[in-house]
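Heads up: the sequence shown begins at 11 in our numbering, then just goes up one per residue. We put the beta carbon where it would ideally sit given N, CA and C, even for glycine. Below: one structure, written as structure tokens.
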Amino acid sequence: MDRKRIYLSSPTMHGEEQKYVQEAFDTNWVAPLGPNVNAFEKEVAAYTGCGYAAALSAGTAAIHMALKLLGVKRGDVVFVSDLTFSASCNPIVYENGTPVFIDAEPDTWNMSPQALRRAFEKYPHPKAVICVHLYGTPAKLREIMEICEQHQVPLIEDAAESLGSTYQGKHTGTFGKYGIYSFNGNKIITTSGGGMFVSAKEEDAKRVTFFATQSRDPARHYQHSEIGYNYRMSNVTAGIGRGQLLHLEEHKARKKEIYRQYQEAFADIPEIAMNPLNPEGDANCWLSGMIIDDQCSVTPDQVMDALQEINAESRPIWKPMHLQPVFAKEDFIPHYEDGRSVGEHVFARGLCLPSDIKNTDEDMELIIQTIRGCFGA
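As structure tokens, this is what we get:
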């Protein structure tokens, strides 16, 4: 196809990244650990106000380390958001735990406090709760934290998609006992791949760093008293992250503008609603999503097909975890007491729109007019 490709969310480089990467090469710090890793951890901690951070190879690794710190073991139940990517819950299984999937709620598409309360009635003693901030929109943290505190169960915030988002003026990822961020290639800033574990306690970040460097004991020889992992971030990729972090607020502003453009462009089409934002928070709008009314004959597949015709990338909403074949035997707690699922509805009727910060005005106009055409507008 000759037409320019319009991406869903691709990396955007600015130049400062190369400076830090070059420093890594000039000083021969190209292996895991090094000045860029140390500085990136401190810079993310300063930006978010989390306290302490440990740079890792992926956000998935950060979730795994959080669960390991909490002592999750075989048979332990962990509540986790259902409407998410599988990386949010795979680490539960790494530690032989049992995921119980908590439905979304309609106001933010995030973990339903209503379903979470019922989950505690059914499983009074879970080991942890993993709450995801979907597409950069903060969850209902006040209610979720109250429930977790009432039952004295630690909260892990999967803020992989919400770096830069805030709730009541405080950064997502800093409310729970532990938080995690992702720097995958499609995230709001990237290290090409990588993640970050964050905690208010320095000893927890140090413990994660220990686990992530193969749990090597402080001995002259190679000695290991615990099972370890090869999860540390490279000094080269950390340099990319340092350069990207300088532009996070700029990226966030552009993502929010893209969401606003879509919202205004479809305001006169009653069959379309944008993904809901939490009024108590400030979302980074990492991905802009839309949902189509049940009574409308237009389907998400038809819209995605139309966008593909103009070489614009879109994708379905995450398929809920309880519908995934690999988790078919695990329990699911729906939002509605009659068994209806919010997540299933969003998946069936929603899609993610091209949200690349490099989209030009012409790109946005083409996308918008293509979607409007699907609805005869």
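>> Quick check on the burial criterion: 16 or more other C-beta atoms within 10 angstroms. Buried or exposed for residue 73?
In response: Taking every protein chain shown into account, the CB of residue 73 has 16 or more other CB atoms within 10 angstroms, so this residue is buried.
> Which residues mark the beginning and the end of the beta strand (DSSP E) in which residue 10 is found?
Replying inline: Missing from the structure shown is residue 10; the chain here goes from 11 to 387 and no further.
> DSSP on residue 307, reduced to helix/strand/coil?
Replying inline: coil
> Under a Cβ-count criterion, where at least 16 other Cβ atoms within 10 Å of its own Cβ denotes burial, should residue 136 be classed as buried or exposed?
Replying inline: Per the 10 Å Cβ criterion, buried.
>> Using a Cβ distance threshold of 8 Å, determine whether the region 262 to 273 contacts the region 216 to 223, with at least three qualifying pairs required.
In response: no
>> Just to confirm the assignment: which complete alpha helix (DSSP H) runs, minimum length 4, are found wholly within the region 223 to 267?
In response: With a minimum length of 4 residues, the continuous alpha helix (DSSP H) runs that stay inside the region 223 to 267 are 245 to 255.
> Under three-state DSSP, which class holds residue 23?
Replying inline: coil
> Looking at residue 101 and residue 243, is the spacing between their C-beta atoms short of 9 Å?
Replying inline: no
> So what's residue 405 in DSSP terms, helix, strand or just coil?
Replying inline: Residue 405 lies beyond the range of the chain shown here (11 to 387); nothing can be said about it.
>> Suppose the cutoff is 8 Å on Cβ atoms and the five residues either side in sequence are ignored; what does the same chain contact list for residue 333 look like?
In response: 354 and 357
> Around the C-beta of residue 288, are 16 or more other C-beta atoms found within 10 angstroms, so that it is buried, or is it exposed?
Replying inline: buried
> Cβ atoms of residue 345 and residue 91: under 9 Å apart, would you say?
Replying inline: Their beta carbons are not under 9 Å apart, which means residue 91 does not touch residue 345 by this criterion.
>> Quick check on residue 128: does DSSP put it in helix, strand or coil?
In response: helix
> Going by the beta-carbon positions, is the gap between residue 140 and residue 88 smaller than 9 Å?
Replying inline: Result yes, Cβ atoms of residue 140 and residue 88 sit closer than 9 Å.
>> Based on DSSP bridge pairs, tell me the residues matched to residue 89.
In response: 110 and 139
>> Using the three-state DSSP reduction, which class does residue 361 fall into: helix, strand or coil?
In response: strand
> Is it true that the CB of residue 362 sits closer than 9 Å to the CB of residue 297?
Replying inline: yes
>> Let me make sure I understand the geometry here. Which of 69, 253 and 64 has the alpha-carbon closest to that of residue 33?
In response: Measuring from the Cα of residue 33, the nearest candidate turns out to be 253.
> At what residues does the beta strand (DSSP E) containing residue 299 begin and finish?
Replying inline: 299 to 302
> Between residue 58 and residue 261, is the Cβ-Cβ spacing less than 9 Å?
Replying inline: no
> Are residue 6 and residue 285 close, meaning C-beta to C-beta below 9 Å?
Replying inline: For the chain, the structure presents residues 11 to 387; residue 6 sits outside this window and is missing.
>> Quick check: what's the CA-CA separation for residue 117 versus residue 283?
In response: One Cα belongs to residue 117, the other to residue 283, and the distance between them is close to 12 Å.
>> Quick test of the definition: if touching needs 3 or more C-beta pairs under 8 Å, does the region 161 to 173 touch the region 313 to 321?
In response: no
> Could you give the residue range of the alpha helix (DSSP H) that holds residue 185?
Replying inline: Segment: none, residue 185 is in no alpha helix (DSSP H) and carries neither H nor E.
> Taking C-beta to C-beta, are residue 18 and residue 343 nearer than 9 Å?
Replying inline: no
>> Please report the distance separating the alpha-carbon of residue 335 from that of residue 37.
In response: Using only the alpha carbons, I get a separation of about 48 Å.
> What separation, rounded to the nearest whole angstrom, lies between the Cα atoms of residue 292 and residue 147?
Replying inline: 8 Å
>> If I measure Cβ to Cβ from residue 200 and keep anything under 8 Å in the same chain, skipping five residues before and after, which residues do I get?
In response: Exclusion of the five residues before and after residue 200 leaves 21, 193, 194, 250, 251 and 254 as the residues of its chain whose Cβ lies within less than 8 Å of its Cβ.
> Does the beta-carbon of residue 211 have 16 or more other beta-carbons within 10 angstroms, so that it is buried, or is it exposed?
Replying inline: exposed
> Considering residue 79, what are the terminal residues of the alpha helix (DSSP H) in which it resides?
Replying inline: 69 to 79
> For residue 269, does the count of other Cβ atoms within 10 angstroms reach 16, so buried, or fall short, so exposed?
Replying inline: buried
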